[in-house]
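Colleague:
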Amino acid sequence: MAKARVAVLISGTGTNMAALLYAAKAAECPYEIVLVASNNPDAAGLKLAEAEGIATFAHPHKGLSREAHDGIMHDALVAAKTEFVALAGYMRILTPEFVSQWEGRMLNIHPSLLPKYKGLHTHERAIEAGDSHGGCSVHLVTAELDDGPILQQTPVAILPGDTADSLAARVLIAEHQLYSRVLAQWVARENTPEYWLNRVREHALAQAEADEVASHGMPCFGIIGGKKFAYFSHDHHGDGRTALLVKISGAEEQAMLIEQDEARYFRPAYFGDGWVGIRLDLGDNDWDHIGQWIAKSWRAVASKKLVKLLDIADEF
Ligand code: GAR
Numbered sequence: 011m012a013k014a015r016v017a018v019l020i021s022g023t024g025t026n027m028a029a030l031l032y033a034a035k036a037a038e039c040p041y042e043i044v045l046v047a048s049n050n051p052d053a054a055g056l057k058l059a060e061a062e063g064i065a066t067f068a069h070p071h072k073g074l075s076r077e078a079h080d081g082i083m084h085d086a087l088v089a090a091k092t093e094f095v096a097l098a099g100y101m102r103i104l105t106p107e108f109v110s111q112w113e114g115r116m117l118n119i120h121p122s123l124l125p126k127y128k129g130l131h132t133h134e135r136a137i138e139a140g141d142s143h144g145g146c147s148v149h150l151v152t153a154e155l156d157d158g159p160i161l162q163q164t165p166v167a168i169l170p171g172d173t174a175d176s177l178a179a180r181v182l183i184a185e186h187q188l189y190s191r192v193l194a195q196w197v198a199r200e201n202t203p204e205y206w207l208n209r210v211r212e213h214a215l216a217q218a219e220a221d222e223v224a225s226h227g228m229p230c231f232g233i234i235g236g237k238k239f240a241y242f243s244h245d246h247h248g249d250g251r252t253a254l255l256v257k258i259s260g261a262e263e264q265a266m267l268i269e270q271d272e273a274r275y276f277r278p279a280y281f282g283d284g285w286v287g288i289r290l291d292l293g294d295n296d297w298d299h300i301g302q303w304i305a306k307s308w309r310a311v312a313s314k315k316l317v318k319l320l321d322i323a324d325e326f
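Numbered by the working numbering, the letters in the sequence shown go through residues 11 to 326 in order.
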C-alpha cells in the first residue's frame, strides 16, 4: 500500500521533524515525509531535511497578512501532494481557513499535558504549579490554539531541582518517541476496513430516506422500504478485496469503467451487470468522488417522486 504523504511545518530547530523523518526510514512506517516547510528561511531543520534529500520550502511571514502567508504555505503543501500535515514547533497562529482545509489531517505536538498550559512557557508553568509531571500531547489541529482532540500524551516526571530547560530537554525526548508513533497510527487508521465502512456509511446515510441493513453478511444501504443502492463488500467469498458496490446503468458502463481503471473497478460476482465494484483498499481513496458515486447510485434506485422532491429541495 502507498505510504501516506506527510509535510512537516517547522519554525526552528526541527528536532521533532528529524524524529518523524528518521522514523519514516523504517520500511514498515506507513508515512513518508514529502516536504519540510517553514516560515523561517533560517530554520536549522531545513538544512537537515535538505541533507536527507527531502524537498524544502520557506517563505517568511514578515509583511504579509496571516491569510496571505497561510495561503502561500497551503499552495506549497498542495504542490507537494501532501495528504497530512505535521506541525512540529511551527510557531504560527493559523487562520481558520487554513485549518479547515486540513481538517482531520493536521496534527500538532505541544509540550504540556493538554488541556493544561496551552500557549508558551509550558514547563515553567508546570514547575511553578507544583505539578508532579509535565509532558507532551499530540492533538488534531482545530481553529482554537492548542485545543483540538487529543490523540495521545506522554507524562514526564518533574524532578526536584528541575528548571524549565532541564524539564524541556526530557520532554523533548518523550516528544520524539510520541510523535512518530501517533502520526503513524493516525495515517494508518485510514487504511482499515472499519474506517472505509464508516466513510461509506456517512455518505450513504446522508441520502434521503436511507437506512442500513445487513444483506448476505454485508453492510448494505437502501431506501427505507425500497431498493438497495450500496453494499460494503469485505473479503466476500474470500476474494481478498474490500470494495463499495454501487448501481450503474448496465453492462456497457460496467465494461467502460473496468477498461478505464481495471485496478479499481470490477464486476462484482453474483450481482450481474447493474452493479460495479469500486476497490477501497488501494490506499488512495478520493472520498468526494466515492460520495458522488453513492449519491448517483441512490438516484438510480430512488422513486421518481423522491428524486423530484430532492431536486426541488436542491433548487432552494
Ligand atoms: C517542541 O518542544 C514542541 O513541542 C514545541 O516547540 C518545540 C519545537 O522543538 N511546540 C510548541 O510549543 C507549539 N505550541 P523542535 O523544533 O526541536 O521540534
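Just so you know, even glycine gets a beta-carbon here, dropped at the ideal spot from N, CA and C.
#1: Taking 8 Å as the cut-off, is the CB of Tyr32 close to at least one heavy atom of ligand 1?
#2: Locate the beta strand (DSSP E) running through Glu222, then write down its first and last residues.
#3: If Lys128 sits next to Leu155, beta carbons under 8 Å apart, how far is it from one beta carbon to the other, in whole angstroms?
#4: To the nearest angstrom, report how far apart Trp196 and Glu113 are at their CA atoms.
#5: Need the endpoints of the alpha helix (DSSP H) that Gly63 sits in, please.
#6: Is the beta carbon of Ala214 closer than 9 Å to that of Ala240?
#7: Any idea what DSSP makes of Met116, helix, strand or coil?
#8: Between the alpha carbons of Thr132 and Ala14, how many angstroms are there, rounded?
#9: For Tyr275, which residues from the same chain have a beta carbon less than 7 Å from its beta carbon, with the 5 sequence-adjacent residues on both sides left out?
#10: Leaving aside the five residues before and after Trp303 along the sequence, list all residues of the same chain whose C-beta is less than 6 Å from its C-beta, in chain order.
#11: Could you tell me the distance, in whole angstroms, from the CA atom of Gln111 to the CA atom of Tyr280?
#12: Assuming Ile258 contacts Gly236 (C-beta within less than 8 Å), just tell me the rounded distance between them.
#13: Determine the extent of the beta strand (DSSP E) in which Ser48 is found, giving its start and end residues.
#14: For ligand 2, any of its heavy atoms closer than 8 Å to the Cβ of Gly24?
#15: With a threshold of 8 Å (Cβ to nearest heavy atom), would Met101 be considered close to ligand 1?
#16: The alpha helix (DSSP H) with Pro203 in it runs from where to where?
#17: Please list the segments of the alpha helix (DSSP H) lying wholly inside the segment 81–165, counting only runs of 4 or more residues, in order along the chain.
#18: In whole angstroms, what separates the C-alpha of Asp85 from that of Glu263?
#19: Suppose the cutoff is 7 Å on Cβ atoms and the five residues either side in sequence are ignored; what does the same chain contact list for Leu290 look like?
Modeller: The short version:
#1: no
#2: 220–225
#3: 6 Å
#4: 13 Å
#5: No alpha helix (DSSP H) contains Gly63, which DSSP labels as neither H nor E.
#6: yes
#7: strand
#8: 31 Å
#9: Leu267, Ile268, Val286, Gly287, Ile288
#10: Val256
#11: 41 Å
#12: About 18 Å; that fails the 8 Å criterion.
#13: 41–48
#14: For ligand 2, the structure offers nothing, since it holds only ligand 1.
#15: yes
#16: 203–215
#17: 106–111, 132–138
#18: 36 Å
#19: Trp206, Thr252, Ala253, Leu254
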